[in-house]
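Let me begin by presenting the structure, written as structure tokens, before commenting on it.
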Amino acid sequence: MRKLLLLSMLCPVIAVSQQRFHVTLFGGLSNYAGDLQDHQFTLQQSNFAFGAGIKYDFTPHLALRLAFNHGKIEGDDKKSSDPMLRARNLSFASKITEGSLLLEYTFLNMEDRKISPYVYSGLTVFHYNPYAFDTLGNKVFLKPLSTEGQGLDADRKSYNLTQFAIPAGIGVKFRITDNTVLAYEVSVRKTFTDYLDDVSTTYFDQFALAQQRGLKAVEMAYRGDEVKGSSATYPEHGSVRGGAKYKDWYYFTGFTLYIGIGSGKGGGGGSFGRGSRGGRNQLGCPKVL
Numbered sequence: 001m002r003k004l005l006l007l008s009m010l011c012p013v014i015a016v017s018q019q020r021f022h023v024t025l026f027g028g029l030s031n032y033a034g035d036l037q038d039h040q041f042t043l044q045q046s047n048f049a050f051g052a053g054i055k056y057d058f059t060p061h062l063a064l065r066l067a068f069n070h071g072k073i074e075g076d077d078k079k080s081s082d083p084m085l086r087a088r089n090l091s092f093a094s095k096i097t098e099g100s101l102l103l104e105y106t107f108l109n110m111e112d113r114k115i116s117p118y119v120y121s122g123l124t125v126f127h128y129n130p131y132a133f134d135t136l137g138n139k140v141f142l143k144p145l146s147t148e149g150q151g152l153d154a155d156r157k158s159y160n161l162t163q164f165a166i167p168a169g170i171g172v173k174f175r176i177t178d179n180t181v182l183a184y185e186v187s188v189r190k191t192f193t194d195y196l197d198d199v200s201t202t203y204f205d206q207f208a209l210a211q212q213r214g215l216k217a218v219e220m221a222y223r224g225d226e227v228k229g230s231s232a233t234y235p236e237h238g239s240v241r242g243g244a245k246y247k248d249w250y251y252f253t254g255f256t257l258y259i260g261i262g263s264g265k266g267g268g269g270g271s272f273g274r275g276s277r278g279g280r281n282q283l284g285c286p287k288v289l
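Residue 1 is where the sequence shown starts when you use the UniProt record's numbering, and the numbers rise one by one after that.
Structure below.
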């Protein structure tokens, strides 16, 4: 009898807690905005991205999300509409792996509505490592080469491959079932680096670069001489290579699936005591009389 009474008191607490948890699954595209991309936001040169996470609802409107995403960003001067950038002939690609802690706000109560806009922001930690392919097709990671003299002069600091970013997302949720919500969202990451693409400021002296980092560094720092018919030579020290005025961004666009854990409606803000059907919930708890 005591066990039954204890179960009757504890089981609803566990059930309500479970109803507020959700698994999130993301699938979509990743891209970036920087020196090797003509557009601030575009699907050109985008790549497939995926992710997963968990969400906990404080209220039907406010939730905490822990999300992990993986994607790829890239840029290529050959695809630019600017002849001067095509002549520069730089390119890069990088995998992006991130973890984010987010506060999400859903404007309408998804217990009562089928659709609602939502926004979120928080803090992101991400890892990247830009690389390019040389004339023989070999994959070459760019940071160790100090292509702009990073770390070789006091005024040219090296950059870290793991950094913080500020995420911001906006989207629309659609309730599919009592326990499932599908959302379409666009989210950006404001970074504090201009080196996602390994391009930022000016060219470094080719002889000093070759002496300290080798001929491969010179080859990857300036590639205008690889353009067919070009007679260009390595630019003078201090010549413009990129634009340091604005930091690089990266972003995701795609669909997120929210799957509620436990009984009741999920995805937009837990059931909060609503939505239970029958005498027992999914945990097999008896009714509390």
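Where a beta carbon is used, it is the ideal one built from N, C-alpha and C, also for glycine. This one's a predicted model, so the numbers in the text were calculated from it and none came from an experiment.
Could you give the distance in angstroms between the alpha-carbon of residue i and the alpha-carbon of residue j?
| i | j | result |
| --- | --- | --- |
| L142 | M220 | 8 Å |
| G266 | Y234 | For G266, the pLDDT reaches just 49, beneath the cut-off of 50, and the residue's location in the model is therefore unreliable, although a value from the coordinates is still provided. Going by the C-alpha atoms only, they are around 59 Å apart. |
| G214 | L145 | 8 Å |
| L103 | G122 | 6 Å |
| A217 | G28 | 35 Å |
| I14 | A93 | Note that I14 has pLDDT 44, beneath the 50 cutoff, so the model's placement of it is unreliable and the number below is only indicative. When rounded, the distance between both Cα atoms is 46 Å. |
| N138 | H61 | 50 Å |
| F107 | Y128 | 34 Å |
| G71 | Q40 | 18 Å |
| S81 | A87 | 11 Å |
| V125 | T24 | 19 Å |
| R223 | Y246 | 23 Å |
| F204 | D76 | 21 Å |
| F68 | K95 | 14 Å |
| N31 | Y131 | 15 Å |
With DSSP as the reference, identify every bridge partner of residue i, one or two as the case may be.
| i | result |
| --- | --- |
| N69 | G51 and E98 |
| V188 | A168 and Y251 |
| S230 | DSSP, once it has assigned bridges, lists no residue as partnering S230. |
| L257 | L25 and L182 |
| T162 | H127 |
| Y222 | For Y222, which the question treats as bridged, DSSP gives no partner whatsoever. |
With respect to the alpha helix (DSSP H) encompassing residue i, which residues constitute its N-terminal and C-terminal limits?
| i | result |
| --- | --- |
| Q211 | Q206 to R213 |
| residue 292 | Here the chain has residues from 1 to 289 only, and residue 292 is not among them. |
From the options, pick the residue whose C-alpha is nearest to that of residue i; which is it?
| i | options | result |
| --- | --- | --- |
| D178 | E104, F26 and Y258 | Y258 |
| L182 | H70, P117 and Q37 | P117 |
| L85 | G34, A52 and F107 | G34 |
| K190 | T202, S100, F58 and E148 | S100 |
| Y195 | S30, L36, V23 and S230 | L36 |
| R113 | I176, K247, Q211 and T202 | I176 |
| E148 | F192, K95, A244 and W249 | A244 |
| D153 | Q212, T42, Q45 and S230 | Q212 |
| R65 | A168, G238 and F207 | A168 |
Following the continuous beta strand (DSSP E) through residue i, name the residue where it begins and the one where it ends.
| i | result |
| --- | --- |
| H127 | I115 to H127 |
| V199 | Careful: V199 lies outside any beta strand (DSSP E) and carries neither H nor E. |
| A154 | No beta strand (DSSP E) contains A154, which DSSP labels as neither H nor E. |
| G28 | F21 to A33 |
| A132 | Y131 to F133 |
| F41 | Unbroken run through F41: none, as it is neither H nor E. |
| K79 | No beta strand (DSSP E) holds K79; DSSP gives it neither H nor E. |
| residue 291 | Given a span of 1 to 289 for the chain in the structure shown, any question on residue 291 remains unanswerable. |
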